[in-house]
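Everything below concerns the one structure shown next.
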Amino acid sequence: LHQRYPKLPVLFAGLTEFSMMKSAVERIVGKIHPNAEILPIAASTENHPGLGKENVFLVLRKEDLAAGARSELAERILRKHFR
27 LHQRYPKLPV LFAGLTEFSM MKSAVERIVG KIHPNAEILP IAASTENHPG
77 LGKENVFLVL RKEDLAAGAR SELAERILRK HFR
């Protein structure tokens, strides 16, 4: 899908720790984007200039969807990434 539509933003979702997800995502996208940036749902990600770019991949975890400030942050980041 990403090869056919390279500008389409991508989100990976998982149930494991970000570090493990990051390694898996790097293996998946590494051949297409050797300079890929894999980002967590975190305060530092919210203003990342690469959100929405073809070489930036977000990792969403179950904890990011818990009610409260964490899910609000996730929503803001996802809206910026998929604008």
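To convert, note that position 37 of the sequence shown is 63 in the working numbering; the numbers rise steadily by one, no gaps. Idealized CB from N, CA, C, for every residue including glycine. Since this is a predicted model, take the numbers as computed values, not measurements.
Notebook entry, point to check: DSSP state of Phe108, grouped into three classes?
Noted result: coil
Margin query: Can you tell me where the beta strand (DSSP E) holding Ile64 begins and where it ends?
Written below: 63-66
Next item on the list: With a threshold of 16 other CB atoms inside 10 Å of the CB of Phe108, please say whether the residue is buried or exposed.
Entry: By the neighbour-count criterion, in which a residue is buried when 16 or more other Cβ atoms sit within 10 angstroms of its Cβ, Phe108 is exposed.
Next item on the list: Take Arg105 as the anchor and find which of Ala93, Lys88, Leu84 has the nearest alpha-carbon.
Entry: Residue Leu84 holds the alpha-carbon nearest to the alpha-carbon of Arg105 among Ala93, Lys88, Leu84.
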